[in-house]
Structures are given as structure tokens and as C-alpha cells.
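*Asks:* In my numbering, the protein residues as written are 1 to 67.
Rendered as C-alpha cells:
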């Protein structure tokens, strides 16, 4: 859970900025989006397989560029 305490003489804008940064780094929004709808096991497998193919394509492209 992201938590921010307001310091003395600190504006609400800067505290809000710190809070947003902590939430972003903690990955709370990504987790919320992932759990927004129920994902069946076949859908999970398909999503993971697509991610694996994308990663493989990206790494092979990266290897060709560096050679």
C-alpha cells in the first residue's frame, strides 16, 4: 500500500506527486487493470504465450542489430 505523510510546510501538490510516483512504482494500477475482469485459464495461457513470442522476437531483433 502506497502511503505518503504530509511534511511541515509541504504543499498538497508535491505530496500528491510523491504519492502518484509511489503508486506507479509499486505497480498498483497495472495490477488493478489486470484484475478488473476475470481471466480464464485458457486466456491466461494465450496472453503469456503471446508475451513470450513478443519477447523472443524483440531479443532476436536486438541480437541482429548488435551484430
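Think of the CB as a built atom: it goes at the ideal place given N, C-alpha and C, for glycine as much as any other residue.
Beta-carbon within less than 7 Å of residue 4's beta-carbon, same chain only, minus the 5 sequence neighbours each way: which residues are those?
*Replies:* Within the same chain, Cβ atoms closer than 7 Å to the Cβ of residue 4 are found at 15, 18, 19 and 22, the five residues on either side in sequence being excluded.
*Asks:* Residue 27 to residue 64, Cα distance in whole Å?
*Replies:* 32 Å
*Asks:* What three-state label does DSSP hand residue 59 in the structure shown?
*Replies:* helix
*Asks:* Start and end of the alpha helix (DSSP H) containing residue 15?
*Replies:* 12-26
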